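Everything below concerns the one structure shown next.
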Amino acid sequence: MHLTLKSCSEEWAAPYRSELKIADTLYSYVTTDFKGKAKLKSLPLGTYTLRYVNDIGRYQEKAIEIKGKGKIEITICTDSIEYETTRINPVILRLENGDSLKLKMWSFGCFHRMQDSLYVHKENNQYFLSWDNEHIEMSHKDIEFFASFEYQMRMVQGGGCTTTDSYDLTYKGEQFFSMDGGCHWNGIQKLQSYFKKKE
790 MHLTLKSCSE EWAAPYRSEL KIADTLYSYV TTDFKGKAKL KSLPLGTYTL RYVNDIGRYQ
850 EKAIEIKGKG KIEITICTDS IEYETTRINP VILRLENGDS LKLKMWSFGC FHRMQDSLYV
910 HKENNQYFLS WDNEHIEMSH KDIEFFASFE YQMRMVQGGG CTTTDSYDLT YKGEQFFSMD
970 GGCHWNGIQK LQSYFKKKE
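In my numbering, the protein residues as written are 790 to 988.
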């Protein structure tokens, strides 16, 4: 079996150490290379569960079925997040007319330091993003992207990177703070890239 673990939206990969199980019993560890690839030989027929860490530092599982002989190629997207397993209700989807949310962001590393903030406001059933001096009317796709970003921001965990990104989202009396010390998610860059904002 040829296995690839990678961030599909950004086409990058890093070494992973995952667990391959049969009926909740560890069968073997799987270690991918710097291209996110691993080769498993002579696997007995059956259904396996691959337990791996996604881009926001959370464990996910995927069922893999080996039915017969021959080359099997499987790609798992580490940036695919199982939102249905959480109870998070994104703030942007709860905004009513006249409501606003504010997102503050900080990033600190060996050679950089930055702070930024943005607002999302809802009026007459339309959503508007204000970031620096830019004001954007958000499309349905933009709202879905921001909701997905918020899911990940509130779930992210991890460390070991020389850069730490912090997020503080406030809405009415609610506050959600998270810190990302891993090198995989890069949420600030995702926002900047999606909304085409220059650093």
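We treat Cβ as the ideally placed atom computed from N, Cα and C, and that holds for glycine. All figures in this text were calculated on a predicted structure; none of them were measured in a lab.
Following the DSSP letters along the chain, one finds H929 inside the alpha helix (DSSP H) bounded by residues H929 to M944.
Per DSSP, L980 is one residue of the alpha helix (DSSP H) stretching across G976 to Y983. Contact annotation: Y816 and R806 have beta-carbon atoms that are not nearer than 9 angstroms. For the segment 864–906, the continuous beta strand (DSSP E) assignments of 3+ residues that do not extend past its boundaries occur at 889–897, in sequence order.
Excluding the 5 residues flanking it on each side, Y837 has same chain C-beta neighbours closer than 8 angstroms at L809, K810, I811, Y816, A852, I853, E854 and I855, in chain order. If the five residues before and after M968 are omitted, its C-beta is found closer than 6 angstroms to the C-beta atoms of S955, all from its own chain and listed in chain order. Within a 10 Å sphere around the beta-carbon of Y908 sit fewer than 16 other beta-carbons, which makes this residue exposed. E808: member of the beta strand (DSSP E) spanning R806 to I811, first to last residue. Remark: fewer than three beta-carbon pairs, one from each stretch, lie closer than 8 angstroms, so the segment 862–871 and the segment 894–902 are not flagged as touching. For S831, the secondary structure class from DSSP, reduced to helix, strand or coil, is coil.
Residue state for H973 is assigned as coil, using DSSP reduced to three classes.
Taking all protein chains shown into account, H973 has 16 or more neighbouring C-beta atoms within 10 Å of its C-beta and is therefore buried. Excluding residues up to 5 positions away in sequence, V880 and L890 lie with their Cβ nearer than 6 angstroms to the Cβ of Y960 in the same chain. Taking C-beta atoms under 8 angstroms as the contact rule, M790 and L829 qualify, at a distance of about 5 angstroms. Taking 8 angstroms as the upper bound for CB-CB distance, F917 and H924 are in contact here, some 6 angstroms apart.
In the structure shown, I855 adopts extended strand secondary structure according to DSSP, grouped into three states.
T821 sits in coil when the DSSP states are folded into three classes, being neither helix nor strand. For L832, same chain residues with a beta-carbon under 8 angstroms away, outside a window of 5 residues either side, are M790 and I855 in chain order. Counting along the chain, the unbroken beta strand (DSSP E) around I925 starts and ends at E923 to E926.
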